[in-house]
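Number of protein chains: 2
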Amino acid sequence: MFAIGEFARLAGVSVKTLRYWDEQGLLKPARTDAATGYRKYGAAQLSRLNRILVLKELGFALSQIEKLLEDGVSAAEMQGMLRLRRAEQEDRLREENLRLRAIEQRISDISREGEGLDVVLKETAPGYVVRVKDRLESYEEIARLYPLVYGQLGMRAAAGIPIAVWHCGAEQKDEIVGEAGVVLEEAVAVAAPVECVALPVVHCASLVHRGSFEQFAGVYNRFSRWIEEAGLEINGPCRELYLKIGNPVRGDDESYVTEMQIPVEKRA
Amino acid sequence: MFAIGEFARLAGVSVKTLRYWDEQGLLKPARTDAATGYRKYGAAQLSRLNRILVLKELGFALSQIEKLLEDGVSAAEMQGMLRLRRAEQEDRLREENLRLRAIEQRISDISREGEGLDVVLKETAPGYVVRVKDRLESYEEIARLYPLVYGQLGMRAAAGIPIAVWHCGAEQKDEIVGEAGVVLEEAVAVAAPVECVALPVVHCASLVHRGSFEQFAGVYNRFSRWIEEAGLEINGPCRELYLKIGNPVRGDDESYVTEMQIPVEKRA
DNA sequence: TCTTGACTCTCCCGTGGGGGGAGGGTTTGA
DNA sequence: TCAAACCCTCCCCCCACGGGAGAGTCAAGA
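Just so you know, the protein sequences line up as chains A and B, in that order.
As numbered in the working numbering, residues 4 to 271 make up the first sequence, in order.
As numbered in the working numbering, residues 4 to 271 make up the second sequence, in order.
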């Protein structure tokens, strides 16, 4: 019979841990003195303790270990749990690997550019867009389309966020097709050429840019390089959400806030 | 200005998270209504939020992120933090990899043997051993040595754990050199041929065996195979701690409990 | 037999990053 | 004017213990 401290030293675990395992019913002492509460462990319990340690190192939670230690768990069932655990562990390993590569990407990004690009991967929020779509000669020409949208929406436009969607990917090489619109939470009825459609929810890379439109070309440049380096691939039209629009007359360019969303998927 | 719910949807985080970050001082709303407590977020805060998300994905804790977001953190300092973080991440990755391999080892162990071997890696507990060392013709012959130890220790032997140490590794191929002893917490004075020396603390693989000595050969077989497969290498004399000794007359072999310790290191 | 110091007990709080829910106030559109 | 949708704070929960307070217990030496 060993006192808790002896047993802990023998096994290489802390006294606190043994008390916790007792409380959780994972490893009860061989005897507990009813009067003093002192725990006494028997040598034979060391094998159970060691099995617990092994299962912990394999990454099982204490509650799972408790089940695995129950009598009546066959070798086949144990195998099943282990295979499940292996799949989880493989996922974790992949994640940790991605994380490491993300860290390295950011280190090299800072080395090159002086600071990192805050690109976040996420799903776009669901919603409806009231928009006009047209072929354009230049990007600036999109300004021509917004009055049509605002003309039909009137007051209701205030509740939405202005958006531009650019179809300038691989499909349309030489021409610029743009949509000017406003994102709303619910659909509304509008007349041609304005349409109201559900904005597809897509997995995208998102970047928030603060500053005027003149810097967009440079930002897109870095952004697409970032996507390339992250092992991703553009798979849809880019969106620009104009979250805040400054007053150009006063020249407070810094008060422009635009979220750029580029739909992406993992490169095959 | 966005209400908390809107802002959360926009950013793809939960309302709870935004409130928590506010409480932690990580991301304060642009305005908080003093009367109602309602939080209002500005579009410009989305870039800070995204930076937080990026740093979180890189594995930084919120407290570290708070420091990294302070003004006055230069690109060089950020680089330093990232390199530190990379080192941590590499360690984690190694650990997760080891864990995965341990899971796979156990799966194959069960497939082959019907059940896994509960081998635990640990440091041996510190202590002193009162022992006699000698060359033996057979393993059983060690029984001859114990009376010398017990003769000198007398009553004090009851406080210790009987141990055998086997020098049968690569150094001594053809001969068996064994030590019979008792492990005590403190040194005592003894006369030759009995000695009292500190038991070196070593990193070892430990296995608790329940059953009589006749099964030892088989257990050692599996044990050393396990060590081999785990990518380890034996680098010292093996120890056997007799934690509980059954009554051979009654034949209750199952009440023998022996801990086998094999000093190991990573194979180069 | 007494003391002393090592050991042990239970109970409570803290960790990190929020999630879940109760109970109550606020806003907004119809 | 009323209901639905939002928002607030406050409190408990997760996991696997660690730290410490305050009190009781045990074994060896004087």
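Built from N, CA and C at the ideal position, the CB exists for glycine as well.
Cutoff 7 angstroms; reference residue i; Cβ partners in own chain excluding five residues on either side
i      : result
A/L52  : A14 and L30
B/V152 : V133, R134, V135, A183, G184, V185 and V197
B/L65  : Q27 and L29
B/V18  : I7, G8 and A11
B/W169 : G181, P240 and C241
B/I248 : Y259
Whole-angstrom C-beta distance between residue j and residue i, which should lie under 8 angstroms
i      : j      : result
B/D267 : B/G184 : Residue identity differs from the one stated: residue 267 of chain B is Val in this sequence, not Asp. About 22 angstroms; that fails the 8 angstroms criterion.
B/S209 : B/K269 : Incorrect: roughly 17 angstroms between the Cβ atoms, too far for contact.
B/A167 : B/E243 : 5 angstroms
B/R109 : B/G119 : 5 angstroms
A/Q218 : A/C241 : Actually they are not in contact, since the Cβ atoms of A/Q218 and A/C241 sit about 16 angstroms apart, beyond 8 angstroms.
B/N100 : A/L187 : Not a contact, Cβ separation roughly 49 angstroms.
B/V260 : B/R213 : 5 angstroms
B/V211 : A/L49  : 5 angstroms
Residues near residue i by beta carbon distance below 6 angstroms, same chain, minus five either side
i      : result
A/Q155 : V193 and V197
A/W229 : L120 and V122
B/L21  : I7 and A11
A/V222 : H212
Residue closest to residue i, alpha-carbon to alpha-carbon, out of the options
i      : options                           : result
A/A220 : A/R147, A/R138 and A/E143         : A/E143
A/I106 : B/I110, B/N100, B/Q92 and B/N224  : B/Q92
B/I179 : B/I145, B/P165 and B/Y245         : B/I145
A/I7   : A/D36, A/Y41 and A/E26            : A/Y41
A/Q82  : B/Y245, B/D112 and B/L87          : B/D112
B/Y44  : B/E231, B/V16 and B/F5            : B/F5
B/L148 : B/I55, B/R228, B/G181 and B/Q218  : B/G181
B/L202 : B/R138, B/A11, B/G214 and B/P165  : B/P165
B/G130 : B/S66, B/L87 and B/V204           : B/V204
A/G62  : A/T39, A/Q48 and A/L87            : A/L87
B/A33  : B/E26, B/A47 and B/N250           : B/A47
A/T127 : B/E9, B/E236, B/R102 and B/A37    : B/E9
A/N250 : A/N238, A/F216, A/E231 and A/A90  : A/F216
A/L246 : A/G239, A/E232, A/E262 and A/E231 : A/E262
B/M84  : B/A271, B/C207 and B/K70          : B/K70
A/V57  : B/G75, B/R102 and B/A78           : B/R102
A/W24  : A/I68, A/E80 and A/E60            : A/I68
A/L139 : A/G117, A/A162, A/S114 and A/C171 : A/C171
A/A233 : A/C207, A/G239 and A/S258         : A/C207
B/V16  : B/T35, B/D36 and B/K59            : B/K59
A/S114 : B/P150, B/E80, B/S227 and B/E231  : B/E80
B/S141 : B/E189, B/D177 and B/E236         : B/D177
Strand pairing of residue i, partner residues [DSSP]
i      : result
A/V123 : A/S209
A/I230 : Its beta-bridge partners do not exist; DSSP assigns none.
A/R42  : A/T35
B/Q264 : B/S209 and B/R242
A/A6   : A/K43
A/G184 : A/R134 and A/I166
B/A299 : Outside the displayed range of chain B (4 to 271) lies residue 299 of chain B, so it cannot be described from this structure.
B/L235 : B/K269
A/I179 : A/L139
B/K247 : B/V260
Sequence-distant residues of its chain with Cβ nearer than 8 angstroms to residue i (five each side left out)
i      : result
B/A38  : none
A/V191 : Y131, V133, L156, R159 and C199
A/T77  : Note that residue 77 of chain A corresponds to Ser in the displayed sequence, not to Thr. Taken in chain order, the list of residues that qualify is empty.
B/S227 : I237 and I265
### Task
Let me know the beta strand (DSSP E) ranges lying completely inside the region 111-170 of chain A, each 3 residues or longer, listed in chain order.
List check, beta strand (DSSP E) in window: 122-126, 130-139 and 164-170.
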